[in-house]
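Protein chains in written order, with the working numbering: chain A, 28 to 142; chain B, 2 to 116. Where is the CB? At the ideal position from N, CA and C, for every residue including glycine.
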């Protein structure tokens, strides 16, 4: 699990707050992902970055804003969230986005609670 | 139904018994992967089986793939209390004919191994 780190591990925020989630991978990978995991729902892919370029935005509301300054770092900027956005947010990385190199390595997640 | 459905949703067994989880999918795949998630943590990659493989082993794990039935099974032999976790299958597939390949996760099977 130390290959992909996420901070903070827990976050409680009000609906008017602005906060950011950070993800860092130490595996030399070129692709990074944000997922949302809510109770009793499948893992939802939010964003995909490959070589710092966003290659997928899975119809995510604009109150979630990703940023990928380099292949090792990925941020998720949050503003004016809703209580239904409370979930476990998982970051993952993979060698690239093709074939078996799509095998993903996950961080421990950030447990987000929106009040 | 969605791509990558696990069955059963929950499984409770005694330590030492074998645990079998199944995954069904709808579209053709490049490969199928199994992941494990401890409560509130990130997912950990367990094993990958390619579409031209029928069976694969890794320690106490045995994975089978039947592409004609579009199904896979994960067998954990001689289970331990530490195997308690959720297990997800992920298919490397195209959700639609006009989309790119991506890793699609199922809803998972919650396994409880009683000491």
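Contact check, residue i vs residue j, beta carbons under 9 angstroms
i: residue 29 of chain B; j: residue 5 of chain B; result: no
i: residue 142 of chain A; j: residue 40 of chain A; result: yes
i: residue 85 of chain A; j: residue 58 of chain A; result: no
i: residue 32 of chain B; j: residue 93 of chain B; result: yes
i: residue 114 of chain A; j: residue 63 of chain A; result: yes
i: residue 53 of chain A; j: residue 89 of chain A; result: no
i: residue 104 of chain A; j: residue 65 of chain A; result: no
i: residue 121 of chain A; j: residue 107 of chain A; result: no
i: residue 45 of chain B; j: residue 133 of chain A; result: yes
i: residue 27 of chain B; j: residue 71 of chain B; result: yes
i: residue 75 of chain B; j: residue 47 of chain B; result: yes
i: residue 109 of chain B; j: residue 87 of chain B; result: yes
Which residues DSSP lists as bridging residue i, in chain order
i: residue 65 of chain A; result: Residue 65 of chain A is not bridged to any residue.
i: residue 92 of chain B; result: B/33 and B/105
i: residue 11 of chain B; result: B/111
i: residue 60 of chain A; result: A/75 and A/119
i: residue 84 of chain B; result: Answer by DSSP bridge pairing: none, since residue 84 of chain B is not bridged.
Partners in chain A for residue i, counting only beta-carbon separations shorter than 7 angstroms
i: residue 34 of chain B; result: 130
Contact list for residue i against chain B, beta-carbon separation under 8 angstroms
i: residue 134 of chain A; result: 43
i: residue 117 of chain A; result: 43 and 44
i: residue 35 of chain A; result: In chain order: nothing, as chain B lies at least about 14 angstroms away.
Neighbouring residues, chain B, relative to residue i (Cβ below 9 angstroms)
i: residue 88 of chain A; result: The premise fails here: residue 88 of chain A is roughly 20 angstroms from chain B at the closest Cβ pair, so nothing lies under 9 angstroms.
i: residue 110 of chain A; result: In chain order: nothing, as chain B lies at least about 19 angstroms away.
Any non-hydrogen atom of the ligand NAD within 8 angstroms of residue i CB
i: residue 103 of chain B; result: Although the ligand NAD was asked about, the structure shown includes no ligands whatsoever.
Which residues, in chain order, does the region 82-113 of chain B contribute to contact with chain A at a C-beta distance below 9 angstroms? 89, 91, 93, 101, 102, 103, 104, 105, 106, 107, 108 and 109
Using a Cβ-Cβ cut-off of less than 8 angstroms, give me the residues of the region 40-73 of chain B that come near chain A, in sequence order. 41, 42, 43, 44, 45, 46, 49 and 51
Secondary structure, beta strand (DSSP E): runs of 3+ residues fully inside the region 75-132 of chain A: 80-84, 91-97, 100-106 and 114-121
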